[in-house]
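For reference, each letter of the sequence shown is one residue, going 430 to 807 in the numbering used here.
Cβ atoms here follow ideal geometry from the backbone N, Cα and C, with glycine treated the same way.
A short write-up of the structure that comes next.
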Amino acid sequence: MKVVWFSEIKWTYLTTRKQQIIRRFPGDWQILFVESYAIGKKNGFIPKRDGNVIYATVPFFKATPYAAFNRFQSFVIIRFLMTALAGLWVRLLCRFTGFYSENRVICTSNIYYADIIRRMKKRLMVYDCNDYPLGFSSTLTFAKTYFEKTIRQSDLTTTVSQKLLDDIRPFKSENIFVIGNGVDFELFDGAPVVGTPPEMKSISSPIIFFSGALSDWLDTELIQKIGENIPEAAVVLLGPVKSDETRTAIEQLTKSGNVFWIGEKKHAELPAYIRRAAVCMLPFKMNRRIIGANPNTLYEFLSCGKPVVTLNYSDEIQKLAPHVLVAQDADDFLKKIKIALNSTPDTNALKNIARENSWDLKAAAFAKLITDHLREKK
């Protein structure tokens, strides 16, 4: 089977839902992973291969961190020209890589490709809604139109939570399915213990830990509150900083003496850092970007048997209580951090939750939806 996946991130970026699912597709499936151009990042227009995945950049932009450029590309004529160029590029890329076929399956997690996808021959179109696309601070002015276009033209739609499914239902009444986020359970549960990572050796225990992209959805005020109210603990943040505003806030936090930022690490290295933690947390702002989230980092923490404190971002998270400590507000979050620090976690129960949410199971469910629907269309 030939699958073309239009993505909002790079194939070589943080290992996210897309890479995890695609890597676990059946071995005889071939995937073309289409990336958008990212300003200031490495862009590869020449196709490269990673197993059964070919990935390449096309000259097409999603929302950027630059407000002036976002306004520029929001002009109708500019957007028309960008879409025309990118559409031609995608057509040539598909021909060059052998993905130009009316029997191909189109998957997208990037709403801005809606007009390009509409013109492509295909057997099936799948929209994987892993985040609420209108909740980002840099969302383009025409995003709502493209969100609705993507939903309406999809044959199948998948989401990571019931809330996102409810957001989609006004535009599509059938063939919407929740396939939550997951974890590479074997990596996080079975990775050999290699000692304390160098950056962690000088950080005293207990450690309150978070890993993931650090952007404007991170609640730095909550993190500051935790650091100030639990001075005997170290708060460790791991991950790439996605905005200048967040970088400034994190730099200010680290001046406190017990908050540490240790940068970005490879996905395979994460278990060694998580295992040093006494408690893990998901300190996100309760806004429309996050409401309905079902973060894969949650299951990574659980795979390592670590207690997790979070706010109630979605029904999927709430259902994990009491094994996951779900706080109602910032004060309750702080209270539950203290409870977790002074309690012994049921590591078997936590690992079992993670095991039941492995990427192997999620990818199998995703692939089955595709094959079942293709069978019905014959």
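The continuous alpha helix (DSSP H) containing Y728 extends over residues N725 to S732.
Inclusion of K765 and L779 in the CB contact set at 7 Å is not warranted, their separation being larger than that value. Here V487 has V463, E464, S465, Y466, F474, A515, W518, V519 and L522 as same chain residues with Cβ atoms under 8 Å from its own Cβ, once five neighbours each way along the sequence are excluded.
Using a Cβ-Cβ distance cut-off of 8 Å, the stretch 784-791 and the stretch 608-622 are in contact, since at least three pairs of beta carbons, one from each stretch, lie closer than that value. Looking at V432, Q459, F454 and R478, the one whose alpha-carbon comes closest to that of W440 is R478. In the three-state DSSP reduction, S465 falls in the strand class (E or B). Assignment of beta-bridge partners to R478 by DSSP yields I483. In this structure, DSSP gives T579 a helical state, which the three-state scheme calls helix. According to DSSP, residue pairing for I659 in a beta bridge does not occur. In the DSSP annotation of this structure, W440 is not part of any alpha helix (DSSP H), being labelled neither H nor E.
Separation of I636 and P669 (C-alpha to C-alpha, rounded to the nearest whole angstrom) is 19 Å. Shortest Cα-Cα distance from I659 to any of E531, M430, F762 and P455 involves F762.
Between the stretch 600-612 and the stretch 673-690, the count of Cβ pairs shorter than 8 Å is below three; the stretches do not touch. Pairing Q582 with R547 gives a Cβ-Cβ distance under 7 Å. In the three-state scheme derived from DSSP, where H, G and I count as helix and E and B as strand, S685 is classed as helix. Judged by DSSP secondary structure, T800 falls within the alpha helix (DSSP H) whose first and last residues are W788 to K806. If you look at V505, you'll find it in the alpha helix (DSSP H) that goes V505 to T526.
When C-alpha distances from I580 are compared across T588, F600, Q591 and L569, the shortest belongs to F600.
Judged by DSSP in its simplified three-state form, M710 adopts strand. In this structure, R718 and G564 form a Cβ contact; the two beta carbons are roughly 3 Å apart against a cut-off of 8 Å. Boundaries of the alpha helix (DSSP H) around A543: A543 to R547. DSSP places I608 outside any alpha helix (DSSP H), giving it a letter other than H or E. A straight line joining the alpha-carbon of S732 with that of R704 spans about 10 Å. The DSSP-derived three-state label of D457 is coil.
Partner residues in the beta bridge of W434, as assigned by DSSP, are F462 and C536.
In the DSSP assignment, L593 falls outside any beta strand (DSSP E) and within the unbroken alpha helix (DSSP H) covering Q591 to I597. Contact between A756 and L740 holds, since their C-beta atoms are separated by about 5 Å, short of 8 Å. In the DSSP assignment, F501 falls within the unbroken alpha helix (DSSP H) covering A496 to Q502.
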